[in-house]
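Everything below concerns the one structure shown next.
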Amino acid sequence: MVNKAKWIMLIAALSLVAAGCGPKKATKETLSQIEECKTAYEEAKVKKSDLEKELANLKAQLDEKQQTVETLKAERDSLNDWLTNVLEKGY
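For the sequence shown, the positions run -19 to -1, 1 to 72 when mature numbering (1 follows the signal peptide of the UniProt record, and there is no 0) is used.
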């Protein structure tokens, strides 16, 4: 009798586990959330691409401005040397 009760309890437990582990259908709410996540992901990819383009543009502008600064520094140094030379000659 004890063995029979153990078998019945074992079968009942396995039935509950099997019922809980079976395939489940996604609810409409879950599907809606998945769609929202996909949409947000796609929007984030587009925004990332836009920001990467903007970053590249800003880096190019920075490089251009740094080159301008170097050119102006060289011009300043040249003019400073010229002025020093003129003042030393007493003009």
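Ideal Cβ placement from N, Cα and C applies to all residues, glycine included. A quick note: this is a predicted structure, and the numbers were derived from the prediction, not measured.
Locate the alpha helix (DSSP H) running through A7, then write down its first and last residues. Taken as a continuous stretch (DSSP letters only), A7 belongs to no alpha helix (DSSP H), as it is neither H nor E.
Cut-off 8 Å between Cβ atoms - residues of its own chain near L53, not counting five sequence neighbours on either side: none
State the DSSP-derived secondary structure class of Y22, mapped to helix, strand or coil. helix
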